[in-house]
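Below you'll find the structure, written out as structure tokens, and then a few comments.
Residue numbers (the UniProt record's numbering): 1 to 157.
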């Protein structure tokens, strides 16, 4: 007996999973929310109108599975939620590379304490002399840089 061992049959992500995810994303954007027409989505993503329509077909015998490049191109236009929906099929999530990471309070606090320690050590005798001043200035600059992202001035930086 012949056993089918093609990637479609043994892959981690099934063909139907990809089709269902993309069909839902596209139909939601085009039919439900009316954020885009198929033509607009094609123009913005670089994927042909005919291909996008074939990904939306409800008949399982007629629907086409999008290539990875087409799926990602369309998802990029639809937004982060769409990219995450695709990556969720493999247990991952994404964010744009130019988006700043959320500040980690514990790491920020530890770094701030390190800089404050330099200042406190220099000021222990009640004054900061000319020898200590460069290290204190650097520590103060680093302290400001550490807490700037969560300050009211963080958006301006």
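Even glycine gets a Cβ: it sits at the ideal position worked out from N, Cα and C.
These numbers were taken from a predicted model, which means no experiment stands behind them.
Three-state secondary structure (DSSP) of residue i
i           : result
residue 127 : coil
residue 42  : helix
residue 58  : coil
residue 66  : coil
residue 94  : coil
residue 49  : helix
residue 121 : helix
residue 81  : helix
residue 12  : coil
residue 7   : Low local confidence applies: a pLDDT of 49 at residue 7 is under 50, so the model's placement there is unreliable, with the coordinate-based value given in what follows. DSSP places residue 7 in helix when its eight states are reduced to three.
residue 138 : helix
residue 27  : helix
residue 115 : helix
Beta-carbon contacts of residue i that lie in its chain and below 6 Å, excluding the five residues immediately before and after
i           : result
residue 105 : none
residue 136 : 119, 122, 128
Close beta carbons around residue i, own chain, < 8 Å, minus the five adjacent residues each side
i          : result
residue 90 : 12, 13
residue 3  : Per-residue confidence for residue 3 stands at a pLDDT of 47, beneath the threshold of 50, marking its modelled position as unreliable; the derived number appears in the next sentence. Closer than 8 Å at the Cβ level, and outside the excluded window around residue 3, lies no residue.
Whole-Å CB distance - residue i paired with residue j, under 8 Å assumed
i           : j           : result
residue 122 : residue 138 : Rounded, the Cβ-Cβ distance is 11 Å, inconsistent with contact.
residue 45  : residue 74  : 5 Å
residue 147 : residue 112 : 6 Å
Own chain, CB closer than 7 Å to residue i, minus 5 neighbours either side, in chain order
i           : result
residue 17  : 89
residue 48  : 42
residue 140 : 119
residue 27  : 56
residue 85  : 21, 25
Distance between residue j and residue i (C-alpha atoms, nearest Å)
i           : j           : result
residue 25  : residue 82  : 7 Å
residue 149 : residue 107 : 13 Å
residue 142 : residue 115 : 7 Å
residue 40  : residue 92  : 28 Å
residue 79  : residue 71  : 12 Å
residue 50  : residue 33  : 21 Å
residue 63  : residue 53  : 9 Å
Chain D within 8 Å of residue i, Cβ atoms only
i          : result
residue 45 : Annotation note: the requested chain D is absent from the structure, which comprises a single protein chain.
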